[in-house]
Amino acid sequence: MMQAMLGALIAVLTLVGMTSHVHAYPDKPVRLIVPYPAGGSADLPARILAEGLQRKLGKPFIVENRVGAAGAIGAEAVTRAAPDGYTLYCGPNAPLVLLPLIRALPYKPSDLVPIAPYGEVVYGFGVLASMKVNNLKELQALAGANPGKFFYSSPGSGSATNLRGEAFKAAAGVDITHLPYRTGAEAIPDLLGGRLDIMLDNIFFPQVRQGTVKLLGVLSNRRHPEFPDVPTFAEQGFPIDLRVWGGFLAPLGTPQPIIDTLARAIAELNAEPEIIERQTKIGWIPFSATPQELLVQMRAEVESYRGWVQRTNFKID
Amino acid sequence: METLAALGAGFAVALSPENLLWCLLGTSLGTAIGVLPGLGPALTIALLLPITFQVPATAAFILFAGIYYGAMYGGSTTSILLNTPGESATIVTALEGNRMARSGRAGAALATAAIGSFVAGTIGTLGITFLAPVVVDFALKFGPAEYFSLMVVAFVTVSAVLGSSPVRGLASLFFGIWLGLIGIDLQTGQARFTFGLDELLDGVNVIVVAVGLFAIGETLYVAARRHAGQDEIIPLRGSLYMTRAEWSRSWKPWLRGAAIGFPIGAMPAGGAEVPTFLSYWTEKKLSKHPEEFGTTGAIEGVAGPEAANNASAAGVLVPMLTLGLPTGATAAIMLSAFQSYGINPGPLLFQSQPALVWGLIASLYIANIMLLVLNLPLVGLWVRILRIPPPLLYAGILVFATIGTYGISNSVVDLMLLYAIGAVGFLMRRYDFPTAPVVIGMILGPLAEQEFRRAMTISNGDWGVFVTKPLSATLLALAALALAGPLLWRLSRRRRTA
Chain X
0 MMQAMLGALI AVLTLVGMTS HVHAYPDKPV RLIVPYPAGG SADLPARILA EGLQRKLGKP
60 FIVENRVGAA GAIGAEAVTR AAPDGYTLYC GPNAPLVLLP LIRALPYKPS DLVPIAPYGE
120 VVYGFGVLAS MKVNNLKELQ ALAGANPGKF FYSSPGSGSA TNLRGEAFKA AAGVDITHLP
180 YRTGAEAIPD LLGGRLDIML DNIFFPQVRQ GTVKLLGVLS NRRHPEFPDV PTFAEQGFPI
240 DLRVWGGFLA PLGTPQPIID TLARAIAELN AEPEIIERQT KIGWIPFSAT PQELLVQMRA
300 EVESYRGWVQ RTNFKID
Chain A
0 METLAALGAG FAVALSPENL LWCLLGTSLG TAIGVLPGLG PALTIALLLP ITFQVPATAA
60 FILFAGIYYG AMYGGSTTSI LLNTPGESAT IVTALEGNRM ARSGRAGAAL ATAAIGSFVA
120 GTIGTLGITF LAPVVVDFAL KFGPAEYFSL MVVAFVTVSA VLGSSPVRGL ASLFFGIWLG
180 LIGIDLQTGQ ARFTFGLDEL LDGVNVIVVA VGLFAIGETL YVAARRHAGQ DEIIPLRGSL
240 YMTRAEWSRS WKPWLRGAAI GFPIGAMPAG GAEVPTFLSY WTEKKLSKHP EEFGTTGAIE
300 GVAGPEAANN ASAAGVLVPM LTLGLPTGAT AAIMLSAFQS YGINPGPLLF QSQPALVWGL
360 IASLYIANIM LLVLNLPLVG LWVRILRIPP PLLYAGILVF ATIGTYGISN SVVDLMLLYA
420 IGAVGFLMRR YDFPTAPVVI GMILGPLAEQ EFRRAMTISN GDWGVFVTKP LSATLLALAA
480 LALAGPLLWR LSRRRRTA
């Protein structure tokens, strides 16, 4: 009896101790590890959210760019950090869901637990307005009749966009030649000059607005708010779930209350009109999901990436 | 007409109070680093890059352009008063300018340099305004084959022109190309030259290389010749107002200098050294007072090269903005700055970022006016910077370079690279290898490789694509001529004398 009471007391005290500890979070600056260079498209959303989190939680959120190995160095640094909520991953999904499948890396996707997403980048297939195709089915027919005659761009072999292109080729059963460019911006002159036929990117959206480039389909599970007439890949019969989203993740073992505190704050920020406007302006469309939803999504996504890597025999050759 | 409307919109951007402030900051900073020997605009921009990404791109480039133009003005002050050129582009200015200062005409030398810089800088900026849109129309016809050939031209001219011998230039260039090739290959996903270091998979950051070569290398070099003797600062004497005779002897060299400087600056790898020497040579031939050259100092020998120098600085911006082709170290760093903002200079820049491009061009006009004011009445202030004890100055540069580099990606590997490349830079400086080709090779090498492989992919493996396209064939012929021409000329001359 005495022992049971003592046990209960200890349990209560620990609980109190834990919650008081949690209430204190954050009691010092939090580091947000961004695995890409400062000023880039993966860095700007992190800085917008860092500002918001600092405002909401009262402690500085400091963006630290740990650059290298296509994002693997930053991701690995977070997996090795103490799971205390003071070192978080803040970046796109590719280093987590794709890189461990194609490179020998000292971490796996499950070493990090999702907290909250900050947004999605919607990529689309773009072709010159003069090309005689209006949707993916027509592209499939045209490319099928001219095997090897068309070119599509990606930021390099082994990149996630390269996999997306290969996945479309496999799903459509067509032969399109891959042409790597370091950045999408580098590829645009060749697209407009008629030397490159297809781009899978979002960088040509200004040209879509001007009418020089046609958007054949968007790679997302919902339509792009700015181009609501353009159907998604899945709607056109190509169910390729290889999306780009960015979010916050924590090292495995981070206390759940800390994750919940952060998730709540991020979800509130994602709903603020000013943040939505700033993110949309730089190509990120904010969306919200609970840590559980994001975990489910990430697990499905890892399987999807794994499936397409195997189906397209995607490897670094 | 379209150009004037675009320029008008550009002035609206550049004249906003915030951008004016950036322009003022840039021109002041540029003048300061121009005055200090050994510090150049390339290094300054490289060091500022990790800090400026929080600033909108337009403001950042107005700042950079101000630094670039400012360094060209400031360099002449050191050349004239100290006989130590602050920039390689002002070496020639020191020849006559310092002699003028020694014979008590420092004021006139400084005045003709500053006013000549203003005249030529403005002519050069007019050149950008009207030439750039023409080049853009032309550049849209460029495909991978043409770009590759254009880069071959740049490689050849850069290494043949910069530095004391083509072999030294080519050695520097290939060192740069090798540095540029480190990392994952775009086409196959293979890692190249990474020595098993994950940190090298994304390649070496060009800023680390630039800072290593220009800051660490230069500091080591200065430290190594610490006891080589003190430079003497000649006190500022003579009125800053030029006499009627000095005006009439200056204005023609200014115009001639601008006419020589701008086109050469706009050529791939034209740079500022060639036009300044060319202008000096021209003025010496044409001068009515040849006896003053090399003795008491001829004002034409300051006016012409200074004008050529500033006009070429404007010319360099043409291929950088329109083709994405850097022809000097500063342009190379500015190009990588554009890239880190996700902006690709090239023909489309004028369509996709009109506010940025025309705002930048408009700010160049404003920068020229600011620099005239900063450099003429305030010249005494800048001279005072030269009194900073070198050990303090260079120690400060080392600290700033180290912190700045670490700030880019928080990587210790970057710091080790910085000092390793700094050591290489010191040796290159010591044994007279030019450092600019390293940076240019590093940026253009991987680009050339990609364009080459892209051209081959598109042509289905047919090598002929480089010679069957007329533009590409012409460019390759030019490159061959630039490489073999001087050699053949020398051979034929030797035969004639023999």
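If you read the protein sequences in the order shown, they are chains X and A.
All residue numbers for the first sequence refer to numbering that gives the first Met the number 0, where the first residue is 0 and numbers rise by one.
All residue numbers for the second sequence refer to numbering that gives the first Met the number 0, where the first residue is 0 and numbers rise by one.
Think of the CB as a built atom: it goes at the ideal place given N, C-alpha and C, for glycine as much as any other residue.
Predicted model only: the values in this text are computed from it and were never measured.
Run of the alpha helix (DSSP H) containing residue i, from where it starts to where it stops
i: Thr-124(A); result: 105-138
i: Arg-113(X); result: Here residue 113(X) is Pro; the residue named in the question, Arg, does not match the sequence. Unbroken run through Pro-113(X) is the beta strand (DSSP E), 111-120; no alpha helix (DSSP H).
i: Lys-55(X); result: 43-56
i: Ser-153(X); result: Segment 150-153 is the beta strand (DSSP E) holding Ser-153(X); no alpha helix (DSSP H) there.
i: Asp-431(A); result: Careful: Asp-431(A) lies outside any alpha helix (DSSP H) and carries neither H nor E.
i: Asn-18(A); result: 16-34
i: Phe-451(A); result: 435-457
i: Ser-351(A); result: 348-351
Closest residue to residue i among the options (Cα-Cα distance)
i: Leu-130(A); options: Glu-299(A), Val-34(A), Pro-346(A) and Gln-189(A); result: Pro-346(A)
i: Leu-38(A); options: Thr-89(A), Thr-57(A), Val-378(A) and Ile-61(A); result: Thr-89(A)
i: Thr-321(A); options: Leu-416(A), Pro-353(A) and Val-464(A); result: Pro-353(A)
i: Gly-29(A); options: Gly-195(A), Gly-74(A) and Ala-472(A); result: Gly-74(A)
i: Pro-250(X); options: Ser-40(X), Pro-82(X) and Gly-57(X); result: Pro-82(X)
i: Leu-23(A); options: Pro-390(A), Leu-373(A) and Ile-387(A); result: Leu-373(A)
i: Ala-422(A); options: Gly-123(A), Leu-172(A), Val-208(A) and Val-157(A); result: Val-208(A)
i: Ala-297(A); options: Ile-332(A), Ala-105(A), Leu-14(A) and Val-133(A); result: Ala-105(A)
i: Ala-56(A); options: Gly-38(X), Gly-51(X), Glu-50(X) and Leu-52(X); result: Gly-38(X)
i: Glu-241(A); options: Pro-16(A), Thr-111(A), Leu-81(A) and Leu-3(A); result: For the sequence presented, residue 241(A) should be read as Met rather than Glu. Of Pro-16(A), Thr-111(A), Leu-81(A) and Leu-3(A), the residue nearest in Cα terms is Thr-111(A).
i: Leu-97(X); options: Ala-71(X), Asn-134(X) and Asn-220(X); result: Ala-71(X)
Contact with chain X by residue i, beta-carbon distance below 9 Å
i: Arg-453(A); result: yes
i: Asp-136(A); result: no
i: Leu-470(A); result: no
i: Asp-197(A); result: yes
i: Tyr-430(A); result: no
i: Asp-461(A); result: no
i: Asn-367(A); result: no
i: Leu-139(A); result: yes
i: Leu-347(A); result: yes
Reduced DSSP category for residue i - H, G, I as helix; E, B as strand; rest coil
i: Thr-86(X); result: strand
i: Gly-341(A); result: coil
i: Asp-200(X); result: strand
i: Val-62(X); result: strand
i: Ile-387(A); result: coil
i: Ile-281(X); result: coil
i: Glu-126(X); result: A small fix is needed here, since residue 126(X) is Val in this sequence, not Glu. It is a strand residue.
i: Pro-485(A); result: helix
i: Val-21(X); result: Here the model assigns Val-21(X) a pLDDT of 48, short of 50, so the residue's position is not dependable and the matter cannot be decided.
i: Thr-193(A); result: coil
i: Gly-182(A); result: strand
Chain A within 9 Å of residue i, Cβ atoms only
i: Ser-40(X); result: yes
i: Gly-192(X); result: yes
i: Asn-201(X); result: no
i: Asn-64(X); result: yes
i: His-20(X); result: At His-20(X), the pLDDT of 49 sits below 50, so the modelled position is not reliable; the number obtained from the coordinates is stated separately. So no, His-20(X) is outside the interface.
i: Glu-185(X); result: yes
i: Val-29(X); result: no
i: Gly-143(X); result: no
i: Leu-178(X); result: yes
i: Phe-60(X); result: no
i: Ser-156(X); result: yes
i: Arg-305(X); result: no
i: Phe-150(X); result: yes
i: Gly-210(X); result: no
i: Pro-36(X); result: yes
i: Arg-181(X); result: yes
Where the beta strand (DSSP E) containing residue i begins and where it ends
i: Gly-216(X); result: 212-218
i: Val-29(X); result: 29-33
i: Leu-219(A); result: That residue, Leu-219(A), is in no beta strand (DSSP E); its alpha helix (DSSP H) goes 217-223.
i: Leu-248(X); result: 243-250
i: Leu-178(X); result: 176-179
Contact with chain B by residue i, beta-carbon distance below 9 Å
i: Thr-187(A); result: Among the chains of the structure shown, chain B does not appear; the protein chains present are X and A.
Mind checking the stretch 73-105 of chain A against chain X and listing, in chain order, the residues whose C-beta falls within less than 7 Å of any C-beta there? Residues passing the 7 Å Cβ filter: none.
Short of 8 Å Cβ to Cβ, which residues in the stretch 161-185 of chain A face chain X? Ile-183, Asp-184 and Leu-185
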